[in-house]
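Step one of this worksheet: look at the structure below.
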Amino acid sequence: MKLTGILMMLTIAAAGNAALSSQALADDWRDGQPWTWQQHQWHPEAHPYYLHAMTDLRAARDLLARPDYPQVMDDERHAVDEINKALRKMRDAAIDDGKDIYERTRPDARWRPEDRFHQARELLDKARRDATHREDDPYLRSLQRDIVHHIDDARRAIDVAMSDALR
């Protein structure tokens, strides 16, 4: 008797699941048809903040990509690595404005390390503000969290470098 009841419940559940899943099919794909994959489309005009963030991150990276004092070298390298990770995540999300990511501008040689760090920190703050604008696309939300995480790590590395430079 128990076995019959269990089998009946399984039959009802399977029938309900089949009915629900057939209604849930949003596309017209059927067995035997070729499967196609459509790439995620990104429209840069709808996301101008990412372009601004990428520009700010590149400028901050250019300020920090010249470790010149031994006591802050590791912190600068760590900050540059985190900035590169954030830029890579933006590229992974197809958020690239077509600029050469390896193009470097020469930092002002007259700056003391703490001045470069303050300027880079301001640029990272601006990039973080730009990168945290509301994102409608769920695909980009997880990448946005990763981008913000890497920017925050770079900011922490700059804070450590500034404190090391002032010792």
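The numbering of the sequence shown is my numbering, which starts it at 9 and goes up by one.
Note that the Cβ used here is the ideal one computed from N, Cα and C, for glycine as well.
Go ahead and pull the three-state DSSP assignment for residue i.
| i | result |
| --- | --- |
| residue 147 | helix |
| residue 41 | coil |
| residue 82 | helix |
| residue 69 | helix |
| residue 77 | coil |
| residue 115 | Reliability fails at residue 115, whose pLDDT of 49 lies under 50, so the model's placement of it is uncertain and the value that follows must be treated cautiously. Note: residue 115 maps to coil in three-state DSSP. |
| residue 129 | helix |
| residue 167 | helix |
| residue 95 | helix |
| residue 156 | helix |
| residue 175 | coil |
| residue 140 | coil |
Taking the straight line between their C-alpha atoms, what separation do you get for residue i and residue j?
| i | j | result |
| --- | --- | --- |
| residue 161 | residue 146 | 23 Å |
| residue 61 | residue 159 | 10 Å |
| residue 68 | residue 132 | 7 Å |
| residue 167 | residue 144 | 32 Å |
| residue 148 | residue 157 | 14 Å |
| residue 151 | residue 90 | 14 Å |
| residue 39 | residue 130 | 55 Å |
| residue 153 | residue 12 | 51 Å |
| residue 171 | residue 142 | 33 Å |
| residue 128 | residue 175 | 19 Å |
| residue 74 | residue 125 | 11 Å |
| residue 123 | residue 173 | 10 Å |
Tell whether a beta-carbon distance below 8 Å holds between residue i and residue j.
| i | j | result |
| --- | --- | --- |
| residue 72 | residue 87 | yes |
| residue 58 | residue 98 | yes |
| residue 134 | residue 64 | yes |
Indicate whether at least one CB of chain C lies closer than 8 Å to the CB of residue i.
| i | result |
| --- | --- |
| residue 149 | Looking for chain C here will not work: only one protein chain is present. |
*Stretch pair the segment 131-148 + the segment 74-82: three plus CB contacts closer than 8 Å*: no
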